[in-house]
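Okay, so here's the structure we're looking at.
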Amino acid sequence: MSMLESLGRYGTAIKNAHDRSKARRLLNSLPPEIQKDIGWPVSPRSSEKAALINTIWSAAR
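Going by my numbering, the residue at position 54 of the sequence shown is 54; the numbering climbs one at a time, nothing skipped.
See the structure below:
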């Protein structure tokens, strides 16, 4: 495997991760009623965000 192939695979992995993140942000930005209609968990971001903030603040003390 050449170095260029490795870089190509790495670039593809980054692009795929970016695309997934973009789709997740789009779905999370939809109104809760639409999220519920399509089967997307309503506001998962808020609980994840709260957990992250609690972790950061508890580690800072």
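Backbone N, C-alpha and C define an ideal beta-carbon position, used for all residues, glycine too.
Because the structure is a prediction, the values reported are computed rather than measured.
Collapsed DSSP secondary structure at residue i in the structure displayed
{"i": "PRO31", "result": "coil"}
{"i": "MET1", "result": "coil"}
{"i": "GLY11", "result": "helix"}
{"i": "TRP40", "result": "coil"}
Assumed close pair residue i, residue j - CB separation to whole angstroms, cut-off 8 angstroms
{"i": "GLN35", "j": "LEU27", "result": "7 angstroms"}
For residue i, the nearest candidate out of the options (CA to CA)
{"i": "TRP40", "options": "ALA23, ASN54, ALA59", "result": "ALA23"}
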